[in-house]
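Enquirer: Taken in order, the sequence shown gives residues 1 to 93; the numbers are from the UniProt record's numbering.
C-beta: ideal position from N, C-alpha, C; glycine also.
All of these numbers come straight from a predicted model, not from anything done at the bench.
Submitted below is the structure of interest, expressed as structure tokens.
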Amino acid sequence: TLWSRPIPLAWYFGPQWERQHGIKWPQKLCDNWIMNDRYRKNFAAEVALCPCTLQHALSDKGRFQPDLSCDKDSNIDCFYNYGAQHCVTTGAP
Numbered sequence: 001t002l003w004s005r006p007i008p009l010a011w012y013f014g015p016q017w018e019r020q021h022g023i024k025w026p027q028k029l030c031d032n033w034i035m036n037d038r039y040r041k042n043f044a045a046e047v048a049l050c051p052c053t054l055q056h057a058l059s060d061k062g063r064f065q066p067d068l069s070c071d072k073d074s075n076i077d078c079f080y081n082y083g084a085q086h087c088v089t090t091g092a093p
């Protein structure tokens with residue numbers, strides 16, 4: 001999702017990129033981006049499964065942490081999930 005319209009900055013950075021990467025800097029930057037993207041973690045395949053029960057989420061402190069906007073110990077009025085007793089988020093970055 002784009003939060004703003006794309007801003008073309010090649011006119012500004014073009015001379016700098018040409019000095020750094022050579023005359024074919026657009027191809028070089030695209031190749032670098034593709035190579036770096038290949039080695040990133042596959043986020044969709046590595047997302048932790050949802051806990052089966054609230055007790056499971058509370059017990060598994062390595063994978064789940066309290067959602068501070070809906071926490072049974074500090075904020076019991078959950079704005080996003082009306083009527084929820086406690087919400088958790090993934091502990092994975």
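Verify whether the separation of the beta carbon atoms of Q85 and I76 is less than 9 Å.
Expert: Translated into positions along the sequence shown, residue 85 becomes position 85. Translated into positions along the sequence shown, residue 76 becomes position 76. Taking 9 Å as the Cβ cut-off, Q85 and I76 qualify as a contacting pair.
Enquirer: Taking only the alpha-carbon atoms, compute the straight-line gap between K61 and D67 and give it to the nearest angstrom.
Expert: Locating residue 61 in the sequence shown gives position 61, counting from the first residue. Locating residue 67 in the sequence shown gives position 67, counting from the first residue. Computed Cα separation, rounded: 12 Å.
Enquirer: A10: buried (16+ other C-beta within 10 angstroms of its C-beta) or exposed?
Expert: Position 10 of the sequence shown, counted from the first residue, corresponds to residue 10. A10 should be labelled exposed.
Enquirer: Between V88, Q20 and N81, which has its C-alpha nearest L58's C-alpha?
Expert: Here residue 58 refers to the residue found at position 58 of the sequence shown. For L58, the nearest C-alpha among the options comes from V88.
Enquirer: According to the neighbour-count rule (16 or more other Cβ atoms, all chains shown, within 10 Å of its Cβ), is residue 174 buried or exposed?
Expert: With the chain represented from 1 up to 93, any question about residue 174 goes unanswered, as that position is not in the structure.
Enquirer: Taking the straight line between their C-alpha atoms, what separation do you get for W17 and C30?
Expert: Residue 17 sits at position 17 when you count from the first residue of the sequence shown. Residue 30 sits at position 30 when you count from the first residue of the sequence shown. So the alpha carbons of these two residues sit roughly 12 Å apart.
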